[in-house]
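Scroll down for the structure; my scribbles are underneath it.
Protein chains: 2
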Amino acid sequence: MFEYRLLRLDLSEWKAREEVLPESIIRKYLGGRGLGAYLALKEIPPHISPFSPENKIYILTGPLTGTAAFETGRYHVVGKSPLTGILGDSNSGGQFGPWLRFSGYDGVVIEGASDEPVWVSIVDGEVEFHPAKRLWGKGVVHTEKVIRREMKTPSEHVGSILSIGPAGENLSRIAAIMNDKYRAAGRTGLAAVLGSKKFKALFVKGSRKIELADKERFRAESKKVMKKISEHSISEALGKYGTAVLVNIINAHGAFPTKNWTRGTFEKAFEISGEYLAEKYLVSNKGCWGCIIQCSRVAKVDKGPYRTPVSEGPEYESIWSMGANTLIGNLEAIIKLNYLANDLGFDTISLGNTMAVLMELYEKARKGELPKEKAEELFNLLEDIEPEWGNADAFIQLVWRTAYRHGIGDKTAEGAMRLAEYFGSPESAIHVKGLELPAYDPRGINSMALSYATSNRGGCHLRAYAVSFDVLGVPEKYDPVKIDMRKVELVKYQQDYFSVIDSLVVCKFNTFATDHNDYVPLLQSALGWDDLTGDELLTIGERIYNLERLFAVREGHGYQDTLPKRLLEEPLPDGPAKGLTAKEALEAYLPRFYELRGWENGIPKPETLKRLGLEEFEYIVR
Amino acid sequence: MFEYRLLRLDLSEWKAREEVLPESIIRKYLGGRGLGAYLALKEIPPHISPFSPENKIYILTGPLTGTAAFETGRYHVVGKSPLTGILGDSNSGGQFGPWLRFSGYDGVVIEGASDEPVWVSIVDGEVEFHPAKRLWGKGVVHTEKVIRREMKTPSEHVGSILSIGPAGENLSRIAAIMNDKYRAAGRTGLAAVLGSKKFKALFVKGSRKIELADKERFRAESKKVMKKISEHSISEALGKYGTAVLVNIINAHGAFPTKNWTRGTFEKAFEISGEYLAEKYLVSNKGCWGCIIQCSRVAKVDKGPYRTPVSEGPEYESIWSMGANTLIGNLEAIIKLNYLANDLGFDTISLGNTMAVLMELYEKARKGELPKEKAEELFNLLEDIEPEWGNADAFIQLVWRTAYRHGIGDKTAEGAMRLAEYFGSPESAIHVKGLELPAYDPRGINSMALSYATSNRGGCHLRAYAVSFDVLGVPEKYDPVKIDMRKVELVKYQQDYFSVIDSLVVCKFNTFATDHNDYVPLLQSALGWDDLTGDELLTIGERIYNLERLFAVREGHGYQDTLPKRLLEEPLPDGPAKGLTAKEALEAYLPRFYELRGWENGIPKPETLKRLGLEEFEYIVR
């Protein structure tokens, strides 16, 4: 019998309480993202402020986390998002997920709110609350250092730390939960929720063994899948050049958003590419716990104004958002920005988008295209900063100001949507449901139009990574700018399959080589679920996808599936996708998508919920 | 009868209490600095931590503040210093002093400590406590803006605000109390004491009239002195080029400390001079309340990485400390650094010295001249920063890190002495009694050796401005590098006279044109002290100077009058003072100084205290 051991940390009282979830819940929601969605919908009251003590943060592993399967070094975080106002969640690699399980618990729930800063350690089931006053205001690197000293665990191969930086402390809606110094559960601003609870960090360590129903079979099945993964060409490319191998590829497709999504190609793409990074700044590859791909970069900049110590990153998304999207074509500057964003605790996708909005606002203000009093206020708040396109030095200073909400930082800390709205130019923010979009222009990769618009957490490429078939040819190649209704099915399939992936919890980078059926024998042997089928797994994924949508419906917003006006109405002016918008594709795909999902206007039908065993939540759609 | 109305703000209880001091106390200590020293010695218990709620901050005006005399726009702050551990005090111009008096009180005492951030308004005697949570973490410019909005007082000509920035909040020992956005009571780190009390700001406004015993005579006497001041050539130079007119002058004397006091001349002096500032970046002159000299600069940098909005500064000291002393020869960068230092709330003299120490430590670490483990820790804490000599971009980032104690900022926030000691190189910090030295090398201006060594608040040029006679020829010209025992008398005279100046409270820049006798008719007519003589005034000054010394004696340290090793032992390698140290001068002057003062080994003799009417404090020296 699989038991999911949950630890509830009541910060209001500095008390811990253990809870064991029955296997029936795990069979329905698996763990990670699915379990988080289920618990959040049950436990977080409707319509509360994300900064209310009633909000909760679920830090969850899944049944495969930390096992010897493959790429099982991740964990998932769930809570009500201060950025989108609907269910927020994010996923991160490194070492934290496995060490959390080894510490004795499969998941931790952060509840209530502390009066004073606090951090918590869990060592072999022993929970301790520590005052964190001396850590409050500190960067992530320093925080980990101090905690490791205090816990007498200097080696970074033993134990792991999750923490927030000043961005989260100061309630920036684009703050990231960080772990292992440079890894981020970045999206949807959940670090600000931890900040509102005065929760600084979580240290985990222990020697709990993960039990498996049939160890031998599990090992054999793992081996098979691992072979598939390691032999796949995309795995190889990721290992060689990291995720930034995509820079040149996506730029060549004219779908590399440039200058705040006003262009699809960047003339300096090569100079910020994974290939260039490998040639100039790479120290080594690195992988998460138990990973064979090793896509993470360890880089440094030796000299000059952008000197950066040996540290992880930058990823494709960070290079794009803080590079092409702000017209910064200097990889050294981007490496430094990435380091600062990590240390201060920002989601780099959201931060880069927000800075691009600021640069656009600044340009508009100077051209007299903002309301006069808004332009004046903007200049006033900018004080000594000139956020011109491509100005990396201004960006560096703005990272500090945003982290500490200094001057204009008080506005940029709110994220792209609120920043653009505040200054009277809402169309400048490229987001879906409040979450800033990542590095693929749906005008050039049209399945991403549907993927973005229907993502349950807002603008995101990880609910369905349509780039996979539209660009990379997995499972087979489609024309990225042709409307093809088969793509709708693929998007839906990915959404469901990826829900499973995020709940198990494993890494999505193995999905280039696997499909959902690969997980059936693994889960049978790991959990003793001998009657599990591929169809059931996909149904679990669909259940999770509906569950998340129900949270948005209950909040009364966030189920409207659309794209920013710029992408729907302004044709790309350059590159292979020149002249295209995302409107036609979205209008073609969306009705079919709703049909496949059993949704009406974005809201699950009661019979859909019944089919998925979600009767208890039917009240939300009635 | 002159009454001094003191307002005591008990932050622990958010309560205000009024107290009227009898004229007898004012006749002994005048106000401002003298009164502060007296109250501090009576009220602050010995040996407490400067961050204890038992410490107090006295914000005091004097009997001439805000009158129509001349240069009466200043106020004085006193408290136990977290930088020196002895009595700290500092003085600032702008509009605050007069508006404090107009608000109904001559002085405010900040006592106790608040649990949560608080700011206070005083409007025509009405005192209100306001929660300051939303202002905590904010810069000075923003803080003033918000408070002015809240107090419905948009015009900067009405009312005034004193506040601290993030530096003070985060207990930086080199934090400045700011007022009128760009004016600083900078020295001795008293802003950190306000930070420890969670006191963010004080708004003052009102229409109280300052009563004068004989208005007509006062006006006539003022006019006479004003004429002297306005016709003096130094007043004129100060108006034309600001205090930075000194850059070229002091550099020409080879006493312009360069590269952390290892040289006496800076090859780029002209490019950071007042003349250059006036030519390139000056918007206008500006003066404090009621001033005829108008020495303050309003400057801006229009474009580029060092863009700075229209704002006050930089002064000579800031240009030197953040320029020549760190080898930064770019005035645009200095203007920006000055702006940031003001907004985040730093003492620029201490900040520049501290950064120069960091640059020296960094150089030593790279050359292998620091203990190995200290060098490693330094590199570690520096993270992505390379504080090379002259690296303005690194300095800009370090200002942020220091304000928020991020990484190395946790060490630089402690000031030069503690930074240098921490990294095993105490000789790198150029300070007296913990206070970083200002911009005159005593090896090239030897009276400053005595002035610095015997300054009661630590390394300071404002207790006795020997530059006046050694360089500027006021009251007559001496040879700056010749030992001349008459200078000892002049230093003592200035110390006593300046104690009066700081207690009245007026601006020291009129002392080029005045002596203590000029104040006798003014005080007679203002206060009705018809029997006041010049001798009595000087005795008051001497009393104050002894009082301050008693505080140090009571603390058991800080009365050792010496200079940093570098200035005593390392001859200047360049310029007109090449080959000289400050040792010979100090050794010649100090015994005579003690003799004149009636001190033994730096400690006032009982008979001296008796002569000065300080019998109540004799217990300290017994």
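Line by line, the protein sequences are chains A and B. Take the first sequence: its letter number 528 is residue 528 in the numbering used here, and every next letter is one higher. Here the numbering used here = 1-based position in the second sequence + 622. Glycine is no exception: its CB is placed at the ideal position from the N, C-alpha and C atoms.
{"query": "Three or more C-beta pairs below 8 Å linking the stretch 738-755 of chain B and the stretch 1115-1131 of chain B", "result": "no"}
{"query": "Tyr-452/A beta carbon near the ligand FAD (any heavy atom closer than 6 Å)", "result": "No copy of the ligand FAD appears in this structure; indeed no ligand is present at all."}
{"query": "Within 9 Å of chain B by C-beta, residues of the stretch 395-412 of chain A in sequence order", "result": "Ile-396, Gln-397, Trp-400, Arg-401, Ala-403, Tyr-404, Arg-405, His-406, Gly-407, Asp-410"}
{"query": "Inter-residue CB distance, Gly-1272/B and Asp-1063/B (contact presumed, cutoff 8 Å)", "result": "In this structure chain B extends from 623 to 1244, so residue 1272/B is not present and cannot be described."}
{"query": "Lys-205/A vs Val-123/A beta-carbon contact at 7 Å", "result": "yes"}
{"query": "Partner residues on chain E for Tyr-339/A, Cβ-Cβ distance less than 8 Å", "result": "Of the protein chains in this structure, namely A and B, none is chain E."}
{"query": "For Cys-288/A and Thr-511/A, the rounded distance between their alpha carbons", "result": "16 Å"}
{"query": "Expected contact under 8 Å - CB spacing of Phe-509/A and Leu-282/A to nearest Å", "result": "Not a contact, Cβ separation roughly 19 Å."}
{"query": "Beta carbon proximity, Thr-608/A to chain B, threshold 7 Å", "result": "no"}
{"query": "Exposure of Gly-352/A, with buried meaning 16 or more beta-carbon neighbours within 10 Å", "result": "buried"}
{"query": "Beta-carbon proximity of Thr-402/A to Ile-210/A, cut-off 7 Å", "result": "no"}
{"query": "Assigned secondary structure, Trp-99/A (DSSP; H/G/I helix, E/B strand, else coil)", "result": "helix"}
{"query": "Reduced DSSP secondary structure (H/G/I, E/B, other) of Asn-873/B", "result": "helix"}
{"query": "Against chain A: residues of the stretch 920-938 of chain B by CB proximity under 9 Å", "result": "Val-923, Lys-925, Gly-926, Pro-927, Tyr-928, Arg-929, Thr-930, Pro-931, Ser-933"}
{"query": "Three-pair Cβ contact test at 8 Å for the stretch 525-545 of chain A versus the stretch 244-256 of chain A", "result": "no"}
{"query": "Ile-1242/B, DSSP secondary structure in three states", "result": "helix"}
{"query": "Residue of Ser-634/B, Leu-686/B, Ile-708/B, Arg-696/B minimising C-alpha distance to Leu-663/B", "result": "Ile-708/B"}
{"query": "CB contact flag (Pro-314/A, Asn-338/A, <7 Å)", "result": "yes"}
{"query": "Contacting positions in the stretch 773-799 of chain B - beta carbon closer than 9 Å to chain A", "result": "Pro-788, Asn-792"}
{"query": "Interface flag, Gly-390/A vs chain B, CB-CB below 7 Å", "result": "no"}
{"query": "Cross-strand partners of Ile-681/B (DSSP beta bridge)", "result": "Val-699/B, Val-730/B"}
{"query": "Closer than 9 Å at the beta carbon, the chain B residues around Asp-441/A", "result": "Correct list: empty, because the minimum Cβ distance to chain B is about 31 Å."}
{"query": "Sub-7 Å separation of Asp-502/A and Gly-32/A beta-carbons", "result": "yes"}
{"query": "7 Å Cβ cut-off: residues of chain A touching Gly-761/B", "result": "His-406, Gly-407"}
{"query": "Of the residues Leu-812/B, Glu-772/B, Glu-1206/B, the one placed nearest Ile-732/B, counting alpha carbons only", "result": "Leu-812/B"}
{"query": "Range of the contiguous beta strand (DSSP E) that encloses Pro-753/B", "result": "748-753"}
{"query": "Per-residue contacts from Lys-336/A into chain B (C-beta, under 9 Å)", "result": "Asp-1006"}
{"query": "Start-end ranges of the alpha helix (DSSP H) lying completely within the stretch 20-69 of chain A, minimum 4 residues", "result": "23-29, 32-43"}
{"query": "Contact residues within the stretch 1-31 of chain A, judged by C-beta distance below 9 Å to chain B", "result": "none"}
{"query": "CA-to-CA distance, Tyr-306/A to Ile-335/A, given in whole angstroms", "result": "8 Å"}
{"query": "Buried versus exposed call for Pro-98/A [16 or more other C-beta atoms within 10 Å across all chains shown]", "result": "buried"}
{"query": "First through last residue of the beta strand (DSSP E) which encompasses Asp-1196/B", "result": "Unbroken run through Asp-1196/B: none, as it is neither H nor E."}
{"query": "Cut-off 7 Å between Cβ atoms - residues of its own chain near Glu-766/B, not counting five sequence neighbours on either side", "result": "Ile-783, Ser-785, Lys-803"}
{"query": "Neighbourhood of Ser-230/A by C-beta, 6 Å cutoff - its chain only, sequence neighbours within 5 removed", "result": "Ile-292"}
{"query": "Pair within 7 Å by beta-carbon distance, Tyr-1026/B and Gly-444/A", "result": "no"}
{"query": "Stretch pair the stretch 1067-1087 of chain B + the stretch 1204-1213 of chain B: three plus CB contacts closer than 8 Å", "result": "yes"}
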